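Sequence lines, in order, name chains G and F.
In this text, residue positions in the first sequence follow our numbering: the first is 1268, and each later residue adds one.
In this text, residue positions in the second sequence follow our numbering: the first is 1268, and each later residue adds one.
All remarks here apply to the structure that follows.
Number of protein chains: 2
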Amino acid sequence: MARAATTSDVFNAVAEPQRREILALLRAGERSVTELAQELGMTQPGASKHLRVLREVGLVRDRKVGKQRLYGLDARGLRPVHEWTGGFERFWNESFDRLDEYVRDLKQAQQEE
Amino acid sequence: MARAATTSDVFNAVAEPQRREILALLRAGERSVTELAQELGMTQPGASKHLRVLREVGLVRDRKVGKQRLYGLDARGLRPVHEWTGGFERFWNESFDRLDEYVRDLKQAQQEE
DNA sequence: TTGACGCATGCCCATATGGGAATATGATTG
DNA sequence: CAATCATATTCCCATATGGGCATGCGTCAA
């Protein structure tokens, strides 16, 4: 099968560093493709492609303004990701005396291999 | 270049649905590879491969117990993902009267295309 | 030592990139 | 209509899967 299509869900769309940069930049407001490309140091086609992915999963919206196309953030799709990871919060906050002990045991066990 | 290696960072590792299932299941406690495979309906090699990815990005720890290998959750790596998405919280919570209006404008603009 | 069991790997395949370059598409202006 | 600007697409390539299957490897029991 190969990997899931990056356009299939938000998790995949956000797995790409440059796309995360785009989203971060769009927090400051709408941008045209060229502006995005310049500010993030990518080519215009490159920006377009990433924007397409983001658009298809609904993380950005585009709007035509003259011959430009302004892209804006629609972060609602990130909420599921935030909530999913949030479901693990108690695990990374777990009292470290227990976690550290656990990790220590692991290392010891591995040394004994 | 092709896509970034899934073992390169947590975002990629978590982009795979089955790997998210594994992590979710491990919240209930350590599991052997076979147990995981059975409970999630995947083959043993399949489980092993996903576990390897998770291990390489540090989301799980393994421990030898007899001829079994117990995998346990180490969710600390998920924190950056949670925080990154958290940086968009105010955008998805943004007063919907404004967002809805924005979206409405977008749709209208698109119909006029 | 020989099996049997539990996992990890290696192979092969089909698929989905992400990047670069060239080009098609759309829209605006003269 | 022609020229130009802003984007989107298309090709082509190298790479990284994820899945299925067979197999190697380490461990424990008889």
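We put the CB at the ideal spot given by N, CA and C, even for glycine.
Small disclaimer: the values here were computed from a predicted structure and weren't measured.
*Could you list which residues in chain G have their beta carbon closer than 8 Å to that of G1353 (chain F), in chain order?*
H1349
*Provide the residue(s) that pair with V1324 (chain G) in DSSP beta bridges, ordered along the chain.*
Paired residues: none, contrary to the question.
*asked:* Against A1342 (chain F), what residues of chain G qualify as contacts under a CB-to-CB distance less than 7 Å, listed in chain order?
replied: F1355, F1358, W1359
_Completely contained alpha helix (DSSP H) runs for the stretch 1295-1342 of chain G, where each covers 4 or more residues_ = 1300-1307, 1311-1323
*Taking all protein chains shown into account, decide if R1298 (chain F) is buried (16 or more other Cβ within 10 angstroms of its Cβ) or exposed.*
buried
*Okay, do the stretch 1306-1324 of chain F and the stretch 1300-1310 of chain G touch, 3+ Cβ pairs below 8 Å being the bar?*
no
*How would you list, in chain order, the residues of chain G whose beta-carbon sits under 9 Å from the beta-carbon of R1298 (chain F)?*
Contact of R1298 (chain F) with chain G by beta-carbon distance below 9 Å is absent, the smallest such distance being about 15 Å.
_Check whether chain G comes within 8 Å of V1327 (chain F), counting only Cβ atoms and requiring the distance to be less than that._
no
_Can you tell me whether G1354 (chain F) is helix, strand or coil according to DSSP?_
coil
*Would a check of beta-carbon distances place R1294 (chain F) closer than 8 Å to chain G?*
Closer than 8 Å to some Cβ of chain G, the Cβ of R1294 (chain F) qualifies, so yes.
*Of all Cβ atoms in chain F, is any one closer than 8 Å to the Cβ of R1336 (chain G)?*
no
*Grouping DSSP H, G and I as helix and E and B as strand, with all else coil, what is R1286 (chain G)?*
helix
_Contacting residues, own chain, Cβ-Cβ under 7 Å from V1348 (chain F) (five flanking each side not counted)_ = V1277, F1278, V1281
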